[in-house]
Amino acid sequence: MLTLLTFPGSFNAPSHSPYCVKAMCLLQMSGFDWQPGYLHDPRKMPLSRLPVLRDAEQLVPDSAHIQTHLERKGVDFDTGLSTEQKAHSHALIQMCETGLYNILVHDRWLIDESWTHTRAAFFSGIPFLIRGPLTRKLRKSVHSKMIAQGTAQFSEEERLARMTRDLDALSVQLVDQPFLFGTHPTAADAAIAPVLDMILNLPVATGARELLKGWDGLPEYVARLRAAAYPAF
Ligand SMILES: N[C@@H](CCC(=O)N[C@@H](CS)C(=O)NCC(=O)O)C(=O)O
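Every number in the working numbering is 4 more than the matching position in the sequence shown, counting from 1.
Here is the structure:
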């Protein structure tokens, strides 16, 4: 039995990490038997991050490496895709993981009203006495990373303009098909729909959440992927 070491769920998702939900979707799509193993603190993990897949004695960190590991065991997440479609798939995943993902992190951690909910949902398991100092330190570090990466340097208007271009690209891809590359979910859907889902489920009405909520077709796309590939718990 495979075990996915993952952060627990929050905000209507089976994990609060989109990378963990991506790995869950890949596992669901693989058809292998698997179970979640919940962790709050990834510092002892190989890359100090989650998800990590445990396969017998082996620990496989990083959702992309987990995908490769499952592919080596015989799964084809991109059945029937041409070489060109596989290149598009890769580019869309990168777009999401460097653009939309950072907008999600920004809105969860750096908007004061949203942070109150994020803090309560992610860190309620941390002892009360250390919760304040620890979460302040983590928030400061996320802020520094968001500045270094750029997302926190842009105005809200600029962030939403960049997000609009990403959503446009996804809409073009979905114009006449239920999933990004046809009638069935592929690796790109597993990576991208959870990020959209988490933006849609932000606890406060941020600009990003409202933009996506009102976007023709994308909330419905997320609902389709949830029905097709999310685990039942
Ligand atoms: N490239 C990695 C990214 C994983 C990642 O960034 N995970 C975050 C949560 S979304 C994490 O574990 N951060 C460390 C922490 O929260 O302590 C993947 O695809 O799995």
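Beta carbons: idealized from backbone N, C-alpha and C, even for Gly.
From the options, pick the residue whose C-alpha is nearest to that of residue i; which is it?
i: residue 214; options: 181, 168 and 140; result: 168
i: residue 227; options: 11, 16 and 10; result: 16
i: residue 38; options: 5, 54 and 50; result: 5
i: residue 53; options: 235, 185, 179 and 9; result: 9
i: residue 144; options: 119, 166, 160 and 125; result: 119
i: residue 29; options: 47, 68, 160 and 62; result: 68
i: residue 18; options: 125, 180 and 153; result: 125
Count the other CB atoms within 10 Å of the CB of residue i; is the residue buried (16 or more) or exposed (fewer)?
i: residue 55; result: buried
i: residue 218; result: exposed
i: residue 151; result: exposed
i: residue 47; result: exposed
i: residue 177; result: buried
i: residue 159; result: exposed
With the cut-off set at 8 angstroms, would you say residue i and residue j are in Cβ contact?
i: residue 40; j: residue 50; result: no
i: residue 147; j: residue 114; result: yes
i: residue 192; j: residue 93; result: yes
i: residue 195; j: residue 100; result: yes
i: residue 216; j: residue 204; result: yes
i: residue 44; j: residue 103; result: no
i: residue 189; j: residue 233; result: yes
Against chain C, with Cβ distances strictly below 8 angstroms, would residue i count as a contact?
i: residue 139; result: Protein chains in the displayed structure number just one, and chain C is not present.
Per DSSP, what are the beta-bridge partners of residue i in this structure?
i: residue 7; result: 39 and 58
i: residue 17; result: 14
i: residue 64; result: 57
What residues come near ligand 1, if near means a beta carbon less than 6 angstroms from any of its heavy atoms? 21, 23, 46, 53, 54, 55, 66, 67 and 68
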